[in-house]
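Enquirer: Numbering (our numbering), first residue to last: 101 to 599. For every residue, glycine included, the Cβ atom is placed at its ideal position computed from N, Cα and C. Here's a structure for you.
Quick look at the structure:
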């Protein structure tokens with residue numbers, strides 16, 4: 101296993117600490133345990149740094165025009181995916197998450213490294229931008245860093261960085277529109293290209309029924325719609341799903357939680373002012389390596405806290421003052437990434453628990469430390485009690501909150517939170533639907549559905565729940581005609597109150 105590369109200067113040391121944090125977070129999603137997560141992260145980080153440095157040297161020797169490449173953090177995340185693919189090819193796939201293995205052997209994974217015109221729209225759009233613009237977009241939208249922090253890291257004016265971000269979003273949209281038109285499209289897709297561009301420009305524009313039906317069945321056009329629609333809060337999910345690929349939505353949630361913890365704790369090193377760093381320019385490489393090691397240790401601590409289960413610690417509440425930009429389970433991302441949200445890996449030795457791999461339900465007041473996922477939801481959010489009018493049996497020892505996080509044509513994302521008065525060594529939550537809804541992908545639990553009856557069973561890492569504690573999980577599902585809230589919630593066979 102290769103050693104972590106040594107930073108060449110203080111600027112690279114700060115970049116490495118931030119990049120390692122992101123790489124380890126994604127590697128943990130991709131693997132089946134903390135040891136293999138660290139191994140994958142180390143190999144991928146070494147590979148990614150070599151590729152980034154090689155690209156920098158090529159740019160310095162060139163005639164001034166930058167070749168198409170990703171910013172540093174997306175490039176390092178791509179190296180994680182490539183390293184995982186190498187493990188699978190070399191017979192070490194048993195170390196990886198089973199759903200990632202399925203994805204790596206599917207056509208979706210092949211698109212990420214296949215012919216350029218066949219790659220995801222978001223990936224092509226980001227690569228086609230200047231690196232400074234692409235970095236601004238990624239740090240603000242995907243890494244969820246506050247704009248003053250982004251401005252300081254990129255050397256921008258904090259007073260104007262918001263306007264620059266708006267311009268960069270528009271630039272990204274234009275690049276994606278051009279990439280969509282350059283894609284080999286069939287006659288039907290090409291006939292909708294101009295209409296798709298028009299309806300995604302305005303938040304008030306209605307999507308015609310025929311276009312909506314087309315987007316429900318065409319992955320490429322749905323991907324393009326997610327990238328072209330700058331309003332509605334779906335841009336972070338479109339970026340993560342298109343560039344990272346598998347696990348994009350789960351990575352988004354982890355980065356938001358990690359950003360809250362790091363910034364709340366005043367993490368040193370990574371936030372240091374560049375001018376202060378230059379004053380120490382005479383320090384030797386060993387000292388810079390020590391600073392990097394400290395920064396990496398603090399990053400690991402932040403990552404560990406970000407993996408804590410919702411509602412499990414009062415410390416989580418200190419991190420929860422944000423966010424005005426939260427991921428939305430955009431329907432196009434759900435179609436294009438397939439099962440991309442993935443399930444988290446088994447717990448690491450340095451963490452007390454695990455985070456949910458889905459945005460937490462909005463409007464749920466039982467978890468003050470959880471972020472609000474959807475300030476501009478595509479569908480209504482309401483509890484099961486409000487929708488069905490049933491409050492469950494009196495004196496029940498558990499209470500359920502069922503929230504529709506977002507909803508779109510023929511699909512929706514939901515979150516379930518259960519509070520139990522009794523300690524649990526294992527759990528199963530069951531319910532029944534009124535309208536034939538079909539649950540697809542589920543995270544933080546495994547799903548079984550028999551007709552209208554759905555059962556969610558605990559994952560390996562969240563079976564135990566303390567008395568008066570909570571458990572939560574989320575899922576994507578389909579609906580037709582109506583999407584009423586389910587009824588008959590039970591926890592381990594005992595009826596639960598709803599609300």
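1) Taking its Cβ as the centre, do 16 or more other Cβ atoms sit within 10 Å of residue 194, making it buried, or is it exposed?
2) Does the distance from the CB of residue 347 to the CB of residue 126 come in under 8 Å?
3) What residues are listed by DSSP as bridge partners for residue 511?
4) Going by beta-carbon coordinates alone, are residue 298 and residue 280 separated by less than 8 Å?
5) Would the stretch 316–336 and the stretch 171–184 be scored as touching if the rule is three or more Cβ pairs under 8 Å?
6) Straight-line CA distance for residue 573 to residue 566?
7) How should residue 334 be labelled, buried or exposed, when 16 other C-beta atoms within 10 angstroms of its C-beta is the threshold for buried?
8) Identify every run of the alpha helix (DSSP H) within the stretch 276–303, keeping only runs that are complete inside it and at least 4 residues long; order them along the chain.
9) Nearest by alpha-carbon distance to residue 561: which of 133, 245, 106 is it?
10) With which residues is residue 598 paired in a DSSP beta bridge?
11) Name the two residues that bound the continuous beta strand (DSSP E) containing residue 555.
12) Got a sec? Which residues, its chain only, sit under 7 Å from residue 359 by beta carbon, not counting five neighbours each side?
13) Quick check: what's the CA-CA separation for residue 288 versus residue 310?
14) Roughly how many whole angstroms lie between the Cα atoms of residue 248 and residue 240?
15) Helix, strand or coil for residue 146, going by three-state DSSP, please let me know.
16) Count the other CB atoms, across all protein chains shown, that sit within 10 Å of the CB of residue 598; report buried if there are 16 or more and exposed otherwise.
17) When the distance is taken between beta carbons, is residue 283 closer than 8 Å to residue 320?
18) Given this structure, state the Cα-to-Cα distance separating residue 301 from residue 534, to the nearest angstrom.
19) What does DSSP give as the partner residues of residue 547 in its beta bridges?
20) Please state whether DSSP places residue 331 in a helix, a strand or coil.
21) Taking only three categories from DSSP, how would you classify residue 534?
22) Just to confirm before moving on: does the CB-CB distance between residue 140 and residue 350 stay below 8 Å?
23) Which parts of the stretch 189–219 are runs of the alpha helix (DSSP H), unbroken and 4 residues or longer, counting only runs that do not cross its ends?
24) Based on the DSSP secondary-structure assignment, which residues constitute the bridge partners of residue 524?
25) I'd like to know whether the C-beta atoms of residue 532 and residue 586 end up nearer to each other than 8 Å.
26) When we look at the beta-carbon of residue 303 and count the other beta-carbons within 10 Å, is it buried (16 or more) or exposed?
27) When the Cα of residue 120 is compared with those of 205, 135, 149, which residue comes out closest?
28) Alpha carbon to alpha carbon, how far is residue 582 from residue 338?
29) Can you give me the C-alpha to C-alpha distance between residue 354 and residue 307, rounded to a whole angstrom?
30) Opposite residue 571 in the DSSP bridges: which residues?
31) Starting from residue 237, trace the alpha helix (DSSP H) in both directions and tell me its first and last residue.
32) Leaving out five residues before and five after residue 588 in sequence, what residues of the same chain have Cβ atoms less than 8 Å from its Cβ?
33) Within 10 Å of its beta-carbon, does residue 275 have 16 or more other beta-carbons around it, so buried, or fewer, so exposed?
34) Within the same chain, show all residues whose beta-carbon is closer than 7 Å to that of residue 115, passing over the 5 residues directly before and after it, in chain order.
35) If distances are taken between C-alpha atoms only, which option among 201, 305, 277, 199 comes closest to residue 222?
36) Among 544, 570, 551, 509, which one has its Cα closest to the Cα of residue 77?
Expert: Walking through what the data contain:
1) exposed
2) yes
3) 508, 578
4) no
5) no
6) 16 Å
7) buried
8) 287–299
9) 133
10) 500
11) 553–558
12) 243, 244, 245
13) 11 Å
14) 10 Å
15) helix
16) buried
17) yes
18) 36 Å
19) 556
20) coil
21) coil
22) no
23) 198–204, 207–213
24) 565
25) yes
26) exposed
27) 149
28) 27 Å
29) 32 Å
30) 518
31) 231–241
32) 530, 531, 532, 595
33) buried
34) 172
35) 277
36) For residue 77 there is no data in the structure shown, the boundaries of the chain being 101 and 599.
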